[in-house]
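In the UniProt record's numbering, the protein residues as written are 1 to 100. Glycine included, every Cβ here is placed at the ideal spot set by N, Cα and C.
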């Protein structure tokens, strides 16, 4: 069993339409396994590399570039880990009108 520090989630805004959360990761920190119940947009605050643990035991990596956003549909399942040697952060915007 792995023991990683948790990433820190700070909810910045939450209303009937969106939830905006900032995620801060120390090197090696993780979100923990989760499924996204809503479609979402991620806006990286810093550059960095994520390791994604996926259903079935697979993994993937994703390079983040500060200010370069991406979107995902509801239903994504993963554990997100900071694979880099530096801290990284991103802002996640969940779209409440697009449930999964």
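- When DSSP states are grouped into helix, strand and coil, residue 75 belongs to the coil group.
- With respect to residue 87, residue 16 sits apart: the two C-beta atoms are not nearer than 8 Å.
- Listed in chain order, the non-local C-beta contacts of residue 73 below 6 Å within the same chain comprise 39, local neighbours out to five positions each way being set aside.
- Annotation for residue 24: the continuous beta strand (DSSP E) segment containing it runs 18 to 25.
- Annotated as distal: residue 75 and residue 49, with beta-carbon spacing of 8 Å or more.
- In this structure, DSSP gives residue 67 a state outside helix and strand, which the three-state scheme calls coil.
- Rounded to the nearest whole angstrom, the CA to CA distance from residue 93 to residue 14 is 10 Å.
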